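Protein chains in written order, with numbering that gives the first Met the number 0: chain A, 0 to 559; chain B, 0 to 136; chain C, 0 to 317. Here's the structure, in structure tokens; my notes come after.
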Amino acid sequence: MFDEKKTQEIKQERERWEKTTLPKWIRQCPECKSEFRNHSGVLIKRVYTPEDVKGLDYMQDLGFPGEYPFTRGVHATMYRGRLWTMRMFAGYGTAEQTNQRFKYLLREGETGLSTAFDYPTIMGYDSDHPMAAGEVGVCGVAVSSLRDMEILFDGIPLDKVTTSMTINGPSSMLLAMYVAVGDKQGVPREKLGGTTQNDNLKEFFAQKLCIFPPKPSVKLTTDIIEYCARHLPRWNPVSISGYHIREAGATALQELAFTLYDGIAYVESTMKRGLKVDDFAHRLSFFFASHSDFFEEIAKFRAARRLWAKIMRERFHAKNPRSMWMRMHVQTSGCTLTAQQPLNNIIRTTIQALAAVLGGTQSLHTNSFDEALCLPTEEAVRVALRTQQIIAHESGVTNTVDPLAGSYYTEALTNEMEEKTMEYIQKVDDMGGAAVAIEKGFFQKEIADSAYQYQREIEDKKRTIVGLNDFTIEEEECPIELLRVDPKVEKEQIIRLQKLRNERDSRKVKEALEKLHYTAEKDENLMPTIIEAVKAYATLGEITDVLRKVYGEYKELIVI
Amino acid sequence: MQSKRKIRVLIAKPGLDSHDRGAKVVARALRDAGMEVIYTGLRQTPEQIVETALQEDVNVIGLSILSGAHKALFPRIMELLKRRGLTDVMVFAGGIIPEEDIPEMKKIGIKEVFGPGTPTDKIIQSVLDSVQREPKA
Amino acid sequence: MTKIKDIAQGVLAGDRRSIAKAITIVENNAAEAQKLIALLYAHTGKAQIIGLTGPGGSGKSTLIEKIVREYRRKGKTVGVIAVDPTSPFTGGAFLGDRIRMQELSTDEGVFIRSMATRNYLGGIAKATKDAVKILDAAGKDIILVETVGAGQSEVEIIKVAQTIVVIHAPGLGDEIQAIKAGLMEIADIFVVNKADRENADKAVTDIQAILQLNNKEKAWKPPVLKTVALSGDGVPQLIEKIEEHRVFLEREKELRRKLWKAEAELTEAIKEKVVTSIIEELKREGKFEELLQRILEREIDSASAAEKLLQEKLRKHR
Chain A
0 MFDEKKTQEI
10 KQERERWEKT
20 TLPKWIRQCP
30 ECKSEFRNHS
40 GVLIKRVYTP
50 EDVKGLDYMQ
60 DLGFPGEYPF
70 TRGVHATMYR
80 GRLWTMRMFA
90 GYGTAEQTNQ
100 RFKYLLREGE
110 TGLSTAFDYP
120 TIMGYDSDHP
130 MAAGEVGVCG
140 VAVSSLRDME
150 ILFDGIPLDK
160 VTTSMTINGP
170 SSMLLAMYVA
180 VGDKQGVPRE
190 KLGGTTQNDN
200 LKEFFAQKLC
210 IFPPKPSVKL
220 TTDIIEYCAR
230 HLPRWNPVSI
240 SGYHIREAGA
250 TALQELAFTL
260 YDGIAYVEST
270 MKRGLKVDDF
280 AHRLSFFFAS
290 HSDFFEEIAK
300 FRAARRLWAK
310 IMRERFHAKN
320 PRSMWMRMHV
330 QTSGCTLTAQ
340 QPLNNIIRTT
350 IQALAAVLGG
360 TQSLHTNSFD
370 EALCLPTEEA
380 VRVALRTQQI
390 IAHESGVTNT
400 VDPLAGSYYT
410 EALTNEMEEK
420 TMEYIQKVDD
430 MGGAAVAIEK
440 GFFQKEIADS
450 AYQYQREIED
460 KKRTIVGLND
470 FTIEEEECPI
480 ELLRVDPKVE
490 KEQIIRLQKL
500 RNERDSRKVK
510 EALEKLHYTA
520 EKDENLMPTI
530 IEAVKAYATL
540 GEITDVLRKV
550 YGEYKELIVI
Chain B
0 MQSKRKIRVL
10 IAKPGLDSHD
20 RGAKVVARAL
30 RDAGMEVIYT
40 GLRQTPEQIV
50 ETALQEDVNV
60 IGLSILSGAH
70 KALFPRIMEL
80 LKRRGLTDVM
90 VFAGGIIPEE
100 DIPEMKKIGI
110 KEVFGPGTPT
120 DKIIQSVLDS
130 VQREPKA
Chain C
0 MTKIKDIAQG
10 VLAGDRRSIA
20 KAITIVENNA
30 AEAQKLIALL
40 YAHTGKAQII
50 GLTGPGGSGK
60 STLIEKIVRE
70 YRRKGKTVGV
80 IAVDPTSPFT
90 GGAFLGDRIR
100 MQELSTDEGV
110 FIRSMATRNY
120 LGGIAKATKD
130 AVKILDAAGK
140 DIILVETVGA
150 GQSEVEIIKV
160 AQTIVVIHAP
170 GLGDEIQAIK
180 AGLMEIADIF
190 VVNKADRENA
200 DKAVTDIQAI
210 LQLNNKEKAW
220 KPPVLKTVAL
230 SGDGVPQLIE
240 KIEEHRVFLE
250 REKELRRKLW
260 KAEAELTEAI
270 KEKVVTSIIE
280 ELKREGKFEE
290 LLQRILEREI
300 DSASAAEKLL
310 QEKLRKHR
């Protein structure tokens, strides 16, 4: 970007500055650390100059938004044309309660739905299963059957919204239910838009919500990718996630590397089924965290786009530019929030949201300030939503695309992230791929070590968390009333399930489940059979149990 | 010279909650402080937790839960501990347990609740103090 | 002492709390341990003790869970001792083996205990042996001792077992070198787990090749079995082999007992024959009566008399 001669001049000037101007400043005001590093371990310089980006080629490394390598954004006009989707993760209690929360958020201006399910649902248990005791509706909505799904979207036309569902093992079942609701509403399947998280690989080393062993889990993920490619063209079958990897303790670098690797694994598994990369890759989406280090996160998002574009073109020979787009959803980081002085979390979320916007995200969830205490209250979630709206409408950052491009720091950091991520990817390649790395505990060890180091930094006061290990107050006072889920919810769900079982056609259910068993043993795509089963009102637990019988259950490899 | 007796701690995750970052960091910190840590992984039932504590003859149980299901699961665990005669085991809890629930937890026998952000050093000291105070026969 | 007595009684009655406390005693307190084992010793010797070891990643714990389930199916009670290394730097240990067996914690017929090596010089082997005795006295039919087999102390621990099973898996990097030399010699059964993998057969032949070199003169030729722990394939066959080995040991023991008996009898018989023939000869030669008289007259003591009598005889036989 700068010619050799000019860069040399600048280098000389910098060296002069370091010899003359700098030392007296350092004498007066010594730097507070001998080395400044971000959490990924990258050394941060005192000042960045054109020297740090001297190899940067504008067209090759940055390009224009909407063109390869998409560093500056997947769309040509980005937020000038359309703002990111404000998609707030929500769900608790019964389907009725969550339906109310959905409507509240839509009224307050959110532009996409995002569903949080309770633990029993996530693990494929009905609300009346013994393992569900005490957990029904407590940290998400309880959905045990199509009936619950119908109530969840009552009054919400599925051709007018897009819905993201944070579900992994039972993705097929929940997607089937959503399709069934769409059918009932008369919405053509090609119009159904949304996302199923459906990223089973990361469960094995990050979110840990695995039901089945790795091979069948990847099969189920691939089933959905394949089904959507053929029948649900507007649906994002998978949200390849780094968020949970980060929350489990990984660094930004590890988050990026492991997520991309999972993406590689899914592309491979889908292509193994005979699909061409351009048939399905344009619908793969990603999900990242936005953590505390402002510039590191922005660099991460930009590096992510460039890396994925290169991987799709060079490794998988995609031809369609849309196959090379990395579309992402971002959530501000939950693990950075504190229970101490919770109002501080509003500021944290704002900074993290801003980083996501400057990083060019397509969709954003902002955490509520009471996340470290309980599920968000209406008041808290409104503030979180307003955070996005103020950034969008008052700050002016949306007036131009990729405003930080060309910043010496940002570009240098983006390059460094890309380089180091490629090293990780090579390492996993050499190991034999994601499945082997998981089995060997490689990802788990990296994450556990980073998590432990982070905690040590906080306890040794090498890392300040305001309100936690510094700027603390004696008497903490809870500024708001906490959201508590009524234990009645569990009883209500159990009654509802019993009623369902009595009213449905049990013969139809039995047949559907038998057909599912048969199809699963034959290793075919299970989506059509699962849709049939949910329409017969087979419950989530009943369907999952059939699959448990065929695939077995998974026991995790512990690495601390 | 310290006695050969080691402090044995069971770190358990009851219920379906899958957030184990904290539990693992605490397990590692306790191990680095010289204790023997038995970690039984995710999704333990109250019965499994209590039986494990009994067979492993632990001094301390650490329960980690972030899903909000502590109000249903902890009383069951404490009751089973009593029934099996494990009343001399110190039980502490961590995760997302609202301040307003803590008195109730203490009433059923949970010694300490370590909320988010509690330094591991504090947990280690608490364990050492309580084991010192009630030397097991 | 009454506390020890109570615990001992509890162990003999199969009370789980007493078993747990007993194991804690043998881990921590040598003096009390001795008293405790003394009370229990008479009730040991009934259990079948199987040692299982293998490198990390071999799927050992998953296999052990399946083995326990198989024994339970056959109506046997099982004790499991899982040994993990103590960190030499911190003195602490992370004991995570039982995670694979957690569903079995609530089975009354199974007792699982995790033990750390604690880096005593030779001490852990003793503590483990005592823990085995406790489970034995408590009436467990089968006792499984699981170690990683990585350090010298772990190799020592496994010797507490009557049957030693070494578990390996293909693709663990260093292949056969991963099996410590000491283990190759003492293993009674080899298992290649994850046998559904590509290089499983090669792992089997590699181990067999090394065994050919080492075990030329042995009476029991260690077999190499294949298992897939996740599905349970090969586990019943493994149990059968363990049983075969037990029968072999019984026969060996029986054989040794007969040998010992026969040796004792022969020695006795030789002794008798030798003594009788020498005395008869001495009597015939008249020397016997002569010296007998001298002993009565206190001219010579019997030892010196015997020496005199035998000097010549023995000289003849040299």
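Cβ atoms here follow ideal geometry from the backbone N, Cα and C, with glycine treated the same way. This one's a predicted model, so the numbers in the text were calculated from it and none came from an experiment.
Neighbour-count burial assignment, residue i, 16 or more Cβ in a 10 Å radius
i: histidine 316 (chain A); result: exposed
i: serine 216 (chain A); result: buried
i: asparagine 37 (chain A); result: buried
i: glutamate 418 (chain A); result: exposed
i: aspartate 56 (chain B); result: buried
i: cysteine 28 (chain A); result: exposed
i: glutamate 280 (chain C); result: exposed
i: proline 169 (chain C); result: buried
i: glycine 111 (chain A); result: buried
i: tyrosine 451 (chain A); result: buried
i: alanine 12 (chain C); result: exposed
i: valine 266 (chain A); result: buried
i: proline 236 (chain A); result: buried
Whole-angstrom distance between residue j and residue i, CA atom to CA atom
i: valine 10 (chain C); j: alanine 68 (chain B); result: 37 Å
i: glycine 139 (chain A); j: glutamate 393 (chain A); result: 32 Å
i: aspartate 127 (chain A); j: isoleucine 493 (chain A); result: 5 Å
i: isoleucine 188 (chain C); j: glutamate 145 (chain C); result: 14 Å
i: asparagine 118 (chain C); j: arginine 30 (chain B); result: 15 Å
i: methionine 0 (chain B); j: glutamine 131 (chain B); result: The pLDDT assigned to methionine 0 (chain B) is 32, lower than 50, so where the model puts this residue is not dependable; a value taken from the coordinates is nonetheless given after this. Their backbone Cα atoms lie some 15 Å apart in a straight line.
i: glutamine 33 (chain C); j: isoleucine 95 (chain B); result: 46 Å
i: glycine 116 (chain B); j: leucine 65 (chain B); result: 13 Å
i: lysine 299 (chain A); j: glutamate 111 (chain B); result: 40 Å
CA nearest to the CA of residue i, picked from the options
i: histidine 290 (chain A); options: A:Arg326, A:Thr349, A:Gly262; result: A:Thr349
i: glutamate 475 (chain A); options: A:Tyr124, A:Gln340, A:Ile464, A:Gln99; result: A:Gln340
i: glutamate 422 (chain A); options: A:Ala132, A:Gln253, A:Ala249, A:Ala519; result: A:Gln253
i: glycine 248 (chain A); options: B:Ala11, B:Ile6, B:Lys23; result: B:Lys23
i: aspartate 60 (chain A); options: A:Thr70, A:Asp51, A:Lys53; result: A:Thr70
i: valine 59 (chain B); options: B:Ser17, B:Lys106, B:Glu35; result: B:Glu35
DSSP-derived helix/strand/coil call for residue i
i: alanine 126 (chain C); result: helix
i: leucine 467 (chain A); result: coil
i: leucine 51 (chain C); result: strand
i: tyrosine 38 (chain B); result: strand
i: histidine 38 (chain A); result: coil
i: lysine 32 (chain A); result: coil
i: glutamate 145 (chain C); result: strand
i: lysine 201 (chain C); result: helix
i: serine 2 (chain B); result: With a pLDDT of 44 at serine 2 (chain B), under the threshold of 50, the modelled position of that residue is not reliable, and the figure given next carries that caveat. Coil.
i: alanine 136 (chain B); result: With a pLDDT of only 45 at alanine 136 (chain B), under 50, the local geometry of the prediction cannot be trusted, and the value read off the model is given with reservation. In the structure shown, alanine 136 (chain B) sits in coil (DSSP, three-state: anything other than H, G, I, E or B).
i: glutamate 327 (chain A); result: The question names glutamate, but residue 327 (chain A) is methionine in the sequence shown. DSSP places methionine 327 (chain A) in strand when its eight states are reduced to three.
i: glutamine 7 (chain A); result: helix
i: leucine 191 (chain A); result: coil
i: threonine 161 (chain A); result: strand
i: asparagine 235 (chain A); result: strand
i: leucine 65 (chain B); result: coil
Residue i beta carbon near the ligand SAM (any heavy atom closer than 6 Å)
i: leucine 53 (chain B); result: The ligand SAM is not part of the structure shown, which contains no ligands of any sort.
Chain F within 7 Å of residue i, Cβ atoms only
i: alanine 115 (chain C); result: Among the protein chains in the structure shown, which are A, B and C, there is no chain F.
Give a yes or no on contact between the region 184-191 of chain A and the region 120-137 of chain A, applying the rule of three or more CB pairs nearer than 8 Å. no
Are three or more beta carbon pairs between the region 195-215 of chain A and the region 432-443 of chain A nearer than 8 Å? yes
The region 375-385 of chain A / the region 477-484 of chain A touching (three or more Cβ pairs under 8 Å): yes
Taking contact to mean 3 or more Cβ pairs, one atom from each stretch, closer than 8 Å, check whether the region 281-288 of chain A and the region 323-334 of chain A are in contact. yes
Say whether the region 33-51 of chain B touches the region 2-14 of chain B, bearing in mind that this needs 3 or more beta-carbon pairs closer than 8 Å, one atom from each stretch. yes
Does the region 63-79 of chain A touch the region 90-109 of chain A, meaning 3 or more C-beta pairs lie closer than 8 Å? no
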